[in-house]
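Reviewing the structure listed below.
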Amino acid sequence: MDPVIIVGAGPVGLTLALLLARQNVPAVVLDEGPGKDEPRPARTVVLREDTAALLERLTSVALDEHGVRWAGWRSLRRKQVMSEVTFGEADPAAPLHIAQHVLTNALRAALADEPLVKVAVDSRLDAVEQERSGVSAHTRGARGTWWRGSYLVGCDGPRSTVRKLQDIRFPGRTAVERHAVAALRAELPWEGHALLHRMPPWRSSGPSAGEVTARPLPDGVWRLDWLLPPGKDLVTPEILVAGVRETLTGWTDSSAPAYELLDTGVHTVHHRLARRWRAGRVFLAGDAAHLLGAFGTQGLDEGLRDADNLAWKLAAAWHHGPHEALLDSYQIERRALVAARLRAADQALPVLRGGGGLRGIVPGAARGHDALFTDGHLGRGPLGASGTYADSPLAPRHLQAEVPVDTPPGAPVTDVRVTAEDGSFVQLRDRLGRGALLVVLIAPGTGVWDRKHWVSAGVMPRLAAAVAALPHPAELLVAESYPGAPAHSVLLVRPDGHLVTALSGVRPADLYAAAEATLGGTAREERQEETREEPAPKEEAGSGVR
7 MDPVIIVGAG
17 PVGLTLALLL
27 ARQNVPAVVL
37 DEGPGKDEPR
47 PARTVVLRED
57 TAALLERLTS
67 VALDEHGVRW
77 AGWRSLRRKQ
87 VMSEVTFGEA
97 DPAAPLHIAQ
107 HVLTNALRAA
117 LADEPLVKVA
127 VDSRLDAVEQ
137 ERSGVSAHTR
147 GARGTWWRGS
157 YLVGCDGPRS
167 TVRKLQDIRF
177 PGRTAVERHA
187 VAALRAELPW
197 EGHALLHRMP
207 PWRSSGPSAG
217 EVTARPLPDG
227 VWRLDWLLPP
237 GKDLVTPEIL
247 VAGVRETLTG
257 WTDSSAPAYE
267 LLDTGVHTVH
277 HRLARRWRAG
287 RVFLAGDAAH
297 LLGAFGTQGL
307 DEGLRDADNL
317 AWKLAAAWHH
327 GPHEALLDSY
337 QIERRALVAA
347 RLRAADQALP
357 VLRGGGGLRG
367 IVPGAARGHD
377 ALFTDGHLGR
387 GPLGASGTYA
397 DSPLAPRHLQ
407 AEVPVDTPPG
417 APVTDVRVTA
427 EDGSFVQLRD
437 RLGRGALLVV
447 LIAPGTGVWD
457 RKHWVSAGVM
467 PRLAAAVAAL
477 PHPAELLVAE
487 SYPGAPAHSV
497 LLVRPDGHLV
507 TALSGVRPAD
517 LYAAAEATLG
527 GTAREERQEE
537 TREEPAPKEE
547 AGSGVR
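Numbering (this note's numbering), first residue to last: 7 to 552.
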């Protein structure tokens with residue numbers, strides 16, 4: 007079968023290629039550039055707990071060594087500390103701040119060792135053709151050629167050629183926020199802590215007039231962002247340097263603070279959402295599908311979650327034939343979640359950026375506003391949390407043995423320690439992204455015994471037989487405990503780490519039904535197709551016999 011064609015070699019496209027390769031799906035990445043990113047210290051990204059873990063799993067690189075996990079977060083309004091959050095050492099909830107070119111280079115290095123992935127540099131897309139059995143893409147230039155694929159994913163950014171060739175609208179709001187940006191080396195009084203300073207007391211007419219954010223990078227480097235007033239006024243180098251000096255003077259109480267300016271730029275935030283994320287065998291992901299980023303939220307987080315959601319579904323279709331309901335669920339799940347994030351930001355905009363009026367004097371208003379900013383910057387709440395797929399068409403219905411746990415159905419699972427099938431102890435997240443469903447038995451006491459003593463005892467043989475009969479490859483894991491899960495409950499987890507359901511005990515029929523729903527009901531369709539083609543003995547419902 008033909009490879010998946012990925013258009014765009016940014017972090018989202020490269021991540022998708024690695025995810026597909028981990029699931030034994032070949033891919034071709036069409037990179038319109040030369041195959042390397044020029045260092046830009048002012049172009050950085052902030053990764054939340056789930057996306058940082060995803061990238062470390064794919065690249066086998068300790069990203070903490072190349073970026074900075076925030077030691078804490080502080081929010082100031084004028085001279086008053088509005089909120090302060092401290093993260094413990096090696097706390098996975100601490101956001102990770104890293105230069106984008108460092109991240110991209112780590113992904114490229116991982117792809118260099120993947121025989122299933124080909125990266126075609128200097129390959130600019132100019133045509134896409136689809137038919138029932140596949141898709142063809144043409145690239146122009148010195149390396150102009152036709153590429154044949156099973157599916158095509160546009161990860162080619164805000165001006166996506168793929169989106170335009172598929173005539174998909176991209177409505178939304180332009181220039182929601184605009185920031186002057188500088189990367190500089192300096193000593194600030196809150197080492198390792200990120201800072202949001204609203205209405206700083208120096209309040210000049212320069213870029214530091216209303217709001218400035220400081221985020222730490224390695225080697226004493228900081229990225230500073232100044233919110234610019236509405237309009238398209240030119241930010242000259244002189245204005246930016248004046249803003250740097252004024253801000254550092256205000257923070258360090260030094261009349262001539264020492265600093266080294268490394269890079270500058272202007273960052274404009276748009277809010278847009280593609281009308282469709284799928285057109286036949288063509289999909290959109292990342293900035294090609296959505297743009298967001300106000301109040302400290304990070305568009306790359308959502309792009310990486312797009313790739314994680316889409317990869318296992320494409321892999322299932324590539325290995326087992328068309329799974330239309332499963333492929334359709336990508337747009338339904340991801341677009342709904344990003345749309346909710348954009349609605350939350352648009353509702354907050356007039357409150358947080360309106361200024362003056364009654365909002366400014368209502369008791370508690372400032373702290374309520376600060377909570378919204380904190381949510382965006384720290385990846386929490388409606389502005390920043392990873393979100394759930396509770397209303398997904400893949401969610402199983404009417405499971406008699408379903409029990410509640412601390413993780414709601416459709417939400418990302420907690421990363422607990424589990425025992426793998428070979429008896430080794432690993433983290434649950436380490437088993438994600440392989441294309442298999444995960445079945446986790448909660449069995450207190452198993453962690454202190456060698457696997458050989460309990461693998462053939464109690465409910466294990468029956469559960470192992472049920473897992474083997476599922477309509478999709480699955481891995482059986484055992485955990486000592488899971489937050490809110492009763493002993494001997496069974497969790498079913500999707501390949502992208504979202505909880506399908508938790509069941510009370512070993513219930514093969516419910517487990518099979520949940521797995522079948524997770525695949526979009528395709529197992530039932532395949533059985534019906536086999537029955538039409540070749541009569542077979544009547545099967546017992548939920549037996550798992552195929």
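Positions of the beta carbon are idealized from the N, C-alpha and C atoms, including for glycine.
Within the segment 420–451, the runs of beta strand (DSSP E) that reach at least 3 residues and sit entirely inside it are, in chain order, 423–425, 431–433, 443–448. In the structure shown, Ala321 falls within a helical segment according to DSSP collapsed to helix, strand and coil.
Taking His107 as reference, the option from Ser261, Ala15, Asp421, Ala442 with the minimal CA-CA separation is Ala15.
One Cα belongs to Val218, the other to Glu244, and the distance between them is close to 18 Å. Scanning Val13, Glu486, Val18 for the CA closest to the CA of Asp312 turns up Val18.
Here the C-alpha atom of Arg138 lies approximately 21 Å from the C-alpha atom of Asp132.
Annotation for Thr57: Asp307, Leu310 place their beta carbon closer than 6 Å to its own, counting only its chain and skipping 5 residues before and after. Assignment of Pro514 by DSSP, reduced to helix, strand and coil, places it in the helix class. By the CB criterion at 8 Å, Pro414 and Ala401 fall outside the cutoff. In this structure, His273 sits near Val187, with a CB-CB distance shorter than 8 Å. For His107, there is no enclosing beta strand (DSSP E); the residue is found in the alpha helix (DSSP H) stretching over 106–118. Excluding residues up to 5 positions away in sequence, Leu234, Thr274 lie with their Cβ nearer than 6 Å to the Cβ of Arg184 in the same chain. Here Gly178 is bridged, per DSSP, to Arg278. Here the C-alpha atom of Leu358 lies approximately 11 Å from the C-alpha atom of Ala377. The segment 26–41 makes no contact with the segment 331–350: fewer than 3 CB pairs, one atom from each, lie closer than 8 Å. Of the residues Glu486, Glu55, Gly390, Trp79, the one whose Cα lies closest to the Cα of Leu69 is Glu55. Where Gly390 is concerned, there is no enclosing beta strand (DSSP E), although the alpha helix (DSSP H) around it starts and stops at 387–390. DSSP places Asp269 within a strand segment (E or B) once states are collapsed to three. Boundaries for Trp196: no beta strand (DSSP E) harbours it, and the DSSP string shows neither H nor E there. Non-local C-beta neighbours of Leu246 in its own chain, meaning closer than 8 Å and more than five positions away in sequence, comprise Ala186, Ala188, Pro213, Thr270, ordered along the chain.
Just so you know, the alpha carbons of Glu95 and Ala77 end up roughly 8 Å apart. DSSP links Arg169 through a beta bridge to no other residue. By the Cβ neighbour-count rule, Gln353 is exposed, with fewer than 16 other Cβ atoms within 10 Å of its own. Here Gln86 is exposed: its Cβ has fewer than 16 other Cβ atoms, across all protein chains shown, within 10 Å.
Secondary structure of Pro243 (DSSP, three-state): helix.
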